[in-house]
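Everything on this sheet refers to the single structure shown next.
2 protein chains.
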Amino acid sequence: MPGTKKRGRQTVVFDTPPILSSWASIVGPKEGEGPWGNDFDLIMPDYLLGEETWEKAENKMLKQTIELALDKSGLNPQDAEVLLAGDLLNQLVSSNFAAAQLSIPFLGLYGACSTMVEAILTGSMLVDGGFYERVAAAACSHHYTAERQFRFPTEQGVQKPPSSQWTATAAGAVILESSGSGPRVTSATVGRVIDMGQTDANDMGSAMAPAAADTIRMHLQDLNRLPDYYDLIITGDLGKLGMAILGQLFVRDGVVPQPNYSDCGVLLYDGKQDIGSGGSGCGCAASMLCGPLLKKMFKAEIKKLLLVATGALMSPITSFQGSTIPAIAHAVAIEY
Amino acid sequence: MPGTKKRGRQTVVFDTPPILSSWASIVGPKEGEGPWGNDFDLIMPDYLLGEETWEKAENKMLKQTIELALDKSGLNPQDAEVLLAGDLLNQLVSSNFAAAQLSIPFLGLYGACSTMVEAILTGSMLVDGGFYERVAAAACSHHYTAERQFRFPTEQGVQKPPSSQWTATAAGAVILESSGSGPRVTSATVGRVIDMGQTDANDMGSAMAPAAADTIRMHLQDLNRLPDYYDLIITGDLGKLGMAILGQLFVRDGVVPQPNYSDCGVLLYDGKQDIGSGGSGCGCAASMLCGPLLKKMFKAEIKKLLLVATGALMSPITSFQGSTIPAIAHAVAIEY
């Protein structure tokens, strides 16, 4: 019966929660040097992976991450019935080329840094909706392809303010199945696009924090839950500044700041230099989920996780034209 | 029970086919002068709609189209539970700004000119899957925003080869509901990304024809249907050249060329000058569906329609780097 899985305004609850049967992550050299290096499947020796361009390297990184996630379950690309994926590049070229090489039916998603959660929640609806038994969901970003698309030629060496974030070179992929064992996607909250009038592309955390606050508040309200239902509530990549703003918004909204709250963008490079306010990019939340976080779930160190990936949705053209930066946040609850 | 709605390799069949309860289309001046001018809801008087930039005009066109589709059913934006939409612009700015203004929970999709069908098929899965009762699906393109993003500054007046296509200024939106009356989305085929090694961005029809052939062949095979099951099989925007190539691929694949086959890109500007091989852009198939085609279905002139929207997935950066143009085609069967 249609509509029976919806709770409140923006949240859906799965009848038969899709299983995360396997997952994989590949990260760049800088990400591998961070505190979670041992938790990723593969650390790239350099940013080119034997390719001629950073763009081709990003494509290869994503393709290999999806293959690795399938391989861990003894599967081939043709065993995945559909691939939901996205990246930061114009026209989703990294995902499109990977989908062409893997020959898996493909739905391209764009949610900026929120893409991994958009893929997991949409994929979970397609599995629980009875359409597929096995779906691949993936996202990636590459520091140097993003820099030259969104900001300045890397060679120019433009200085950045401390509020800016470092686009992660990273990819994550999960396999969602209708049955089996593993962590389960139990509910999801689709975000609204929130535009608070912020225009500084060097401070995406401030633009994204209100979207994260809105989605977390709606998720808890829709399911009538308190924040401490979760062992960990983790945002995608607000960075230090965005996290501080979200903390204030929690107070405003009556969501008491919780010791169980953290941010993938802050965690990814903890203690590293030159990353400004923290990590960002589709690959940030994707690799943190498909590396450290799911590893902790597998070891039962985290049993209930709310992953809230955030995306800033400006383009260089609209920023140049003085437009504001709309932002979005999608949430998935994963339980094991 | 998961997976029970899948047929063959790439097709899903809906248990309770979602209803297209209302729809709307807005087109630009050139599209309004074409043979279908009377079938669109609104023809823009110019390309700016009172805005300062073409980008803001595209955003406004999409927002108004979604509002108009809702209004025809007596609905407000808050009555739509989720919006699935996309456009051609980097980071989907037209869709993101529209989603921010409408405040509908949003899932951004990128399938280039195939986006409208990607939105309808994904939205149909979310409705039939039991997650939502009312979903909005929309797509748009604007000739002048696309020209300056993908090709050359409009003011430069670069000449184009006859194989090139004219990006339509157009938007289409549909409201999908779990119950009610209207044409029904009965099945859908998710396309694979096909890369035949074509590199000429001025000949997208040739790049996209093999993807259309692949999806149509899979759709017919998965459902064990002959092409004459449909009153009309219509591709998104292959243009004249792409249509001719698809005709040859039909012969190769044993899908006999049918009198019931046509192409939105060829039809949109029939008889107009300076449009090269035909129309293109997300708005081409979206406006043809939400104008002439659904009007014909409503009048029972077409009872069974297979809409196969095609997308060429190159970016200016990958084209500049000499990469090929991968392409995709998604199909939805609409019956009334």
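Protein sequence lines correspond, in order, to chains A and B. Residues 8 to 343 (our numbering) are what the first sequence spells out, left to right. Residues 8 to 343 (our numbering) are what the second sequence spells out, left to right. Note that beta-carbon positions come from the ideal geometry of N, C-alpha and C, so glycine has one too. Nothing here was measured: the structure is a model prediction, and the numbers come from that model.
Under the DSSP definition of a beta bridge, which residues are partnered with K311(B)?
Partner(s): E342(B).
What would DSSP say about Y268(B), mapped onto helix, strand or coil?
It is a strand residue.
DSSP state of F305(B), grouped into three classes?
Correct three-state label for F305(B): helix.
To the nearest angstrom, how far is the alpha carbon of L248(B) from that of S101(A)?
Roughly 28 Å between the two C-alpha positions.
Do T193(A) and T222(A) count as a contact pair if the criterion is CB distance below 8 Å?
No, the Cβ-Cβ distance between T222(A) and T193(A) is not below 8 Å.
Could you give the distance in angstroms between the alpha-carbon of N267(B) and the alpha-carbon of M225(B)?
Straight-line Cα distance between these residues: approximately 18 Å.
In angstroms with no decimal places, state the Cα-to-Cα distance between T242(A) and S80(A).
The alpha-carbon atoms of T242(A) and S80(A) are separated by roughly 28 Å.
Is the separation between the beta-carbon of T122(B) and that of C289(B) shorter than 8 Å?
Going by C-beta atoms, T122(B) is nearer than 8 Å to C289(B).
Per DSSP, which residues does H337(B) bridge with? Please list them.
A316(B), per the DSSP bridge assignment.
Can you check the region 230 to 280 of chain A for any alpha helix (DSSP H) of at least 4 residues that lies completely inside it and give the ranges in chain order?
246 to 260 and 271 to 275, all fully within the region 230 to 280 of chain A.
Would the region 34 to 50 of chain B and the region 82 to 99 of chain B be scored as touching if the rule is three or more Cβ pairs under 8 Å?
Too few Cβ pairs lie closer than 8 Å, so no.
Quick one: Cα of V181(B) to Cα of G283(A), how far?
Rounded to whole angstroms, V181(B) to G283(A) spans 43 Å at the Cα level.
Using 10 angstroms around the beta-carbon of G189(A), count the other beta-carbons present and answer buried if the total reaches 16, otherwise exposed.
With 16 or more Cβ atoms within 10 Å of its Cβ, G189(A) is classed as buried.
Between L301(A) and the ligand FAD, is there a pair consisting of the residue's CB and a ligand heavy atom that are separated by less than 7 Å?
Although the ligand FAD was asked about, the structure shown includes no ligands whatsoever.
Quick one: does T317(A) have its CB under 8 Å from some CB of chain B?
No, T317(A) does not count as interfacial toward chain B.
Under 8 Å, do L77(B) and A87(B) count as touching if we go by C-beta distance?
The answer is yes: Cβ separation under 8 Å.
Give the single residue among K302(A), A336(A) and L301(A) whose Cα lies nearest to the Cα of T317(A).
For the residues K302(A), A336(A) and L301(A), the minimum Cα distance to T317(A) belongs to A336(A).
Determine the burial state of T18(B): buried for a count of at least 16 other Cβ atoms within 10 Å of its Cβ, exposed for fewer.
By the 10 Å Cβ count, T18(B) comes out buried.
Let's see if you can read the secondary structure: which residues bound the alpha helix (DSSP H) around F138(A)?
First-last for F138(A): undefined, no H or E at that position.
Specify, as a first and last residue, the run of the beta strand (DSSP E) that S121(B) falls within.
Unbroken run through S121(B): none, as it is neither H nor E.
Between the region 148 to 161 of chain B and the region 170 to 181 of chain B, do at least 3 Cβ pairs fall closer than 8 Å?
Contact holds: three or more Cβ-Cβ distances are below 8 Å.
What does DSSP give as the partner residue(s) for R16(A) in the beta ladder?
Note: R16(A) sits in no beta bridge, so no partner.
Which residues, taken in chain order from the region 55 to 78 of chain B, show a beta carbon closer than 7 Å to some beta carbon of chain A?
Listed by position, the residues of the region 55 to 78 of chain B near chain A (Cβ gap below 7 Å) are T60 and E62.
Cβ of Q328(A) within 8 Å of Cβ of T23(B)?
Cβ distance not < 8 Å, so Q328(A) and T23(B) don't count as in contact.
For chain A, is any of its Cβ atoms less than 8 Å away from the one on F327(B)?
Not an interface residue.
Can you name the start and end residues of the alpha helix (DSSP H) that L77(A) belongs to?
Looking at the DSSP string, the run of the alpha helix (DSSP H) that includes L77(A) is W61 to K79.
Name the one or two DSSP bridge partners that W173(B) has.
G286(B).
Would you mind stating whether L275(A) and M304(A) have Cβ atoms separated by less than 8 Å?
Going by C-beta atoms, L275(A) is not nearer than 8 Å to M304(A).
Quick one: what does DSSP say R191(B) is sitting in, helix, strand or coil?
Correct three-state label for R191(B): strand.
Cβ closer than 7 Å: which chain A residues qualify as neighbours of S115(B)?
Note on identity: in this sequence residue 115(B) is Gly, with Ser being the wrong assignment. Result: L116, Y117 and G118.
On the three-state DSSP scale, how would you describe I223(A)?
Correct three-state label for I223(A): helix.
Which word fits A105(B), buried or exposed, when buried means at least 16 other C-beta atoms lie within 10 angstroms of its C-beta?
So A105(B) ends up on the buried side.
Using a C-beta cutoff of 8 Å, does A338(A) count as contacting chain B?
Chain B contact via Cβ: absent.
Would you mind reading off the limits of the beta strand (DSSP E) that contains L91(B)?
Unbroken beta strand (DSSP E) run through L91(B): V89 to D94.
Run the CB neighbour count on P42(A), radius 10 Å, all protein chains shown included, and call it buried at 16 or more, exposed below.
Burial call: exposed.
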